[in-house]
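Colleague: Counting in the working numbering, the sequence shown runs from 769 upward without gaps. Glycine included, C-beta positions come from ideal geometry on N, C-alpha and C. Attaching a single structure in C-alpha cells format; questions to follow.
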Amino acid sequence: MTNLYECGRCGVVSEASNHLCQPLEVAGREGYCGILAPRDICDSMQESLTFECASCGRPAENKELLCDPHKIR
Ligand SMILES: [Zn+2]
Ligand SMILES: [Zn+2]
Numbered sequence: 769m770t771n772l773y774e775c776g777r778c779g780v781v782s783e784a785s786n787h788l789c790q791p792l793e794v795a796g797r798e799g800y801c802g803i804l805a806p807r808d809i810c811d812s813m814q815e816s817l818t819f820e821c822a823s824c825g826r827p828a829e830n831k832e833l834l835c836d837p838h839k840i841r
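Here's what the structure looks like:
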C-alpha cells in the first residue's frame with residue numbers, strides 16, 4: 769500500500785512527501801477528501817498540480833488521490 773501525504777499548510781495531497789512543504793502522513797482518501805482544503809497553495813506545489821477534486825476542491829498531483837478528480841491543466 770502506498771503512503772499518502774497531505775501538506776499541513778495548503779492541503780495538497782501527494783504520494784511523495786518530498787513534494788510537500790509540510791508533509792503529514794494520512795491514512796487514505798477517506799481521511800481528507802470531502803474536507804475543504806485551504807485555497808492558498810504553496811508556491812512549490814503550483815507547478816505540479818494537475819487535478820482537483822470536483823466535490824471538495826482539494827488539489828492533487830495524481831487523480832487516484834481524489835474522489836471526483838477533474839483536470840485543471
Ligand atoms: Zn503546501
Ligand atoms: Zn474530494
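For the alpha helix (DSSP H) that contains GLN814, what are its first and last residues?
Modeller: Start and end: 811-814.
Colleague: Just checking ASP836 against ligand 2 - is the residue's beta carbon closer than 7 Å to any of the ligand's heavy atoms?
Modeller: Yes, ligand 2 has a heavy atom inside 7 Å of this Cβ.
Colleague: Pick out whichever of VAL794, PRO827, PRO837 and LYS831 has its Cα sitting closest to the Cα of CYS810.
Modeller: Comparing Cα positions, the closest option is PRO827.
Colleague: If we count the other Cβ atoms within 10 Å of its Cβ and call it buried at 16 or more, is PRO806 buried or exposed?
Modeller: That one is exposed.
Colleague: Below 8 Å between beta carbons: does that hold for CYS775 and GLN790?
Modeller: Cβ atoms of CYS775 and GLN790: closer than 8 Å.
Colleague: So if DSSP puts VAL781 in a beta bridge, which residue, or which two residues, is it bridged to?
Modeller: VAL781 is bridged to GLU774 and ALA828.
Colleague: When you compare only the Cα positions, how much space is there between GLU815 and GLU829?
Modeller: The straight-line gap from Cα to Cα measures roughly 10 Å.
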